[in-house]
Amino acid sequence: MNKRVVSDEKLPKKWIDEIQEFTKIGFPIKSWQEHQFQHVHLPAIKTYREHYGHLIVPQKFQVPFDGKEAERWPRATRGLKLGNAVSKLRIQGVKTIQLENDPTKPRRNISKTLPPIPKHWVEELEALGFVWRILDTKWYDMFLPGLRKYKELNGNLHVPQLFIIPKHKDDPRWSKELEGYRLGRHVQMIREGKYALQVQECQEELQALGFSYRVQEKVWWGWILPSLHVFKAEYRHCDVGQKFIIPSRDPWPREAWGFKLGQTIRNIRQGAYEVEVQSSLKELEELEFVWNARDRVEKMVRRIVVPALSTFRQLYGNHAVVGTDFIVPEGDLNWPEQTRGFRLGLWITRVRSQKIKLTPTLRKELDKVGFVWRSNDQRWNDILLPSFQAYAALHDGTCASMNTRFIVPPEPPYPQAAWGVNLGGALWHIRNGDSYVNCQEKAQILRQLGVLSNSTERSE
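FYI, in the UniProt record's numbering the residues of the sequence shown are 1 to 460.
Below is the structure:
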């Protein structure tokens with residue numbers, strides 16, 4: 001029907017007859033909105049309050065159309081999209097209230113398509129406790145009480161984004177009225193600028209509670225720092241790789257699942273999260289957080305390599321050789337916990353090949369635990385020289401008669417580290433100039449032992 005008011009006299013006779021027929025059966029042609037409010041909307045709102053105990057009707061809520069649930073609702077309300085209807089009433093009601101308070105003042109942010117509702121509608125709705133500003137109700141009845149309780153229980157307001165207030169029966173510390181409220185999500189909404197009016201009204205209390213509007217602070221205390229603790233427990237160090245992403249499983253913080261921790265740590269090393277880092281320096285040091293490449297090497301040497309080499313010497317002797325493929329046994333209690341699983345042999349190889357640079361201070365620390373900087377030096381000192389000396393002692397002071405297939409027997413006076421070594425093969429290579437002969441000092445010793453003859457052409 002056209003929204004303009006048209007007198008019955010100007011309507012076609014056919015329409016007048018139809019209107020009279022509708023009027024006879026009680027159809028509210030001239031007061032349809034009033035009829036709909038009194039017989040549909042108001043009963044539905046009353047019934048909703050009876051069932052749910054409040055009037056915060058979700059936007060998508062619809063009165064059941066059939067079934068047992070529908071029987072609890074007045075017939076005229078069944079199927080009504082109550083959420084939409086309530087939303088429109090709020091817009092119209094606020095406009096009515098504002099016009100009532102000051103009819104001359106221009107209103108902003110008021111819908112131009114929805115007219116104000118009659119004053120007696122406002123009065124009837126307010127008598128039911130109708131909520132005109134839904135954010136106010138959520139703020140004062142849910143958010144603030146939830147925030148206060150969280151602070152009381154946890155001592156801080158580092159609320160995880162996915163935190164939902166538990167049911168009262170599961171955690172009696174939380175009231176039944178708050179159960180199911182998504183406190184973490186609403187904290188995030190405030191940081192995004194929502195609830196601006198309510199935040200302004202409660203600024204002092206929020207400051208007193210210690211509420212932070214900085215997203216970085218929330219990410220640091222809720223995601224990064226807890227994840228670093230888990231990382232240290234899982235991997236026994238705190239050197240997070242750049243590509244590391246937090247796994248979607250326990251014991252990692254659930255709200256941080258999928259978070260690119262490696263990229264974030266790289267940014268922290270470049271100066272990000274400066275305020276949070278400064279406030280957590282002691283905790284980061286206790287975690288042995290790695291700040292840069294130099295710090296990484298220092299922590300590796302002092303925390304893992306030195307204890308591992310010391311233990312290796314204790315277990316296998318000072319002359320034992322650390323093979324390139326040697327890995328500290330994972331479950332061996334003889335080894336310090338932080339060294340277990342460490343690829344010690346590979347690390348030593350990388351140092352010798354200059355792939356890992358060490359400061360003079362670190363080199364001195366490794367010298368103290370017998371680190372051999374060149375593998376040939378270690379083989380010479382621990383295996384070849386003592387074996388040639390032992391052979392010469394048993395053969396009139398010389399190795400001249402040694403067969404090139406000679407294998408060191410597993411017995412004294414040969415050093416245990418050399419048992420089973422193909423010493424004859426080593427002698428062949430030395431005589432053919434493959435090793436050691438270019439070192440004048442070693443070549444002289446080899447001549448004295450008869451490994452090299454004085455006529456050997458290849459020398460210094």
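Note that CB positions come from ideal geometry on N, CA and C, so glycine has one too. Predicted model only: the values in this text are computed from it and were never measured.
Based on the DSSP secondary-structure assignment, which residues constitute the bridge partners of residue i?
i    : result
C202 : None, per the DSSP bridge assignment.
C238 : F289
Apart from the five residues on each side of it in sequence, which residues of its chain come closer than 6 Å, Cβ to Cβ, to residue i?
i           : result
residue 475 : Lying before the first or after the last residue shown, residue 475 is absent from the chain, which here runs from 1 to 460.
F211        : L157
P410        : W419
K167        : E179
F163        : L183 and G184
Let me know if residue i comes out buried or exposed under the rule of 16 or more other beta-carbons within 10 Å of its beta-carbon.
i    : result
A127 : exposed
R302 : exposed
L449 : buried
Y150 : buried
F65  : exposed
Q198 : buried
K218 : buried
T359 : exposed
A293 : exposed
I245 : exposed
D8   : In this prediction, D8 has a pLDDT of 49, which is less than 50 and means its spatial position is unreliable; what the coordinates show is noted afterwards. Per the 10 Å Cβ criterion, exposed.
Q440 : exposed
H237 : buried
D171 : exposed
S111 : Reliability fails at S111, whose pLDDT of 48 lies under 50, so the model's placement of it is uncertain and no value is given.
R379 : buried
P247 : exposed
P115 : exposed
Could you check whether the Cβ of residue i sits closer than 6 Å to any heavy atom belonging to the ligand MN?
i    : result
D170 : The ligand MN is absent from the structure shown, which contains no ligands of any kind.
Enumerate in chain order the residues of its own chain whose CB-to-CB distance from residue i is below 7 Å, with the five nearest sequence positions on each side excluded.
i    : result
L427 : C399, M402, T404 and V451
W121 : F37
W220 : Y273 and E276
W174 : K149, I165, P166 and H168
S87  : Q59
F406 : L423 and G424
V57  : Y48, L82, G83 and V86
T264 : I224
W139 : Y195 and Q198
With a CB to CB cut of under 8 Å and the five nearest residues on each side skipped, what residues in its chain are close to residue i?
i    : result
L178 : M142, P145, G146, K149 and I165
For the 8 Å Cβ check, are there 3 or more pairs between the region 327-336 and the region 381-395?
Counting Cβ pairs under 8 Å, fewer than three are found: no touch.
Within the region 259-316, note down every full alpha helix (DSSP H) run reaching 4 residues or more, in order along the chain.
As far as the region 259-316 is concerned, its whole alpha helix (DSSP H) runs of at least 4 residues are 261-269, 274-279, 281-286, 293-300 and 306-316.
Which runs of the alpha helix (DSSP H), 4 residues or longer, sit entirely within the region 315-401?
Counting only runs of 4 or more, we get 344-352, 360-368, 375-379 and 385-394.
Entirely enclosed alpha helix (DSSP H) segments - the region 117-161, minimum 4 residues:
The qualifying runs are 119-127, 134-138 and 144-154.
Using 8 Å as the threshold, is the region 68-79 in touch with the region 37-51, meaning 3 or more CB pairs across them?
Yes: the two stretches touch, three or more of their Cβ pairs being nearer than 8 Å.
Inspect the CB distances between the region 177-192 and the region 278-288 and report whether three or more fall short of 8 Å.
Segments in contact, no.
Does the pairing of the region 305-320 with the region 249-256 give three or more beta-carbon distances under 8 Å?
With contact defined as three or more Cβ pairs closer than 8 Å, the region 305-320 and the region 249-256 are not in contact.
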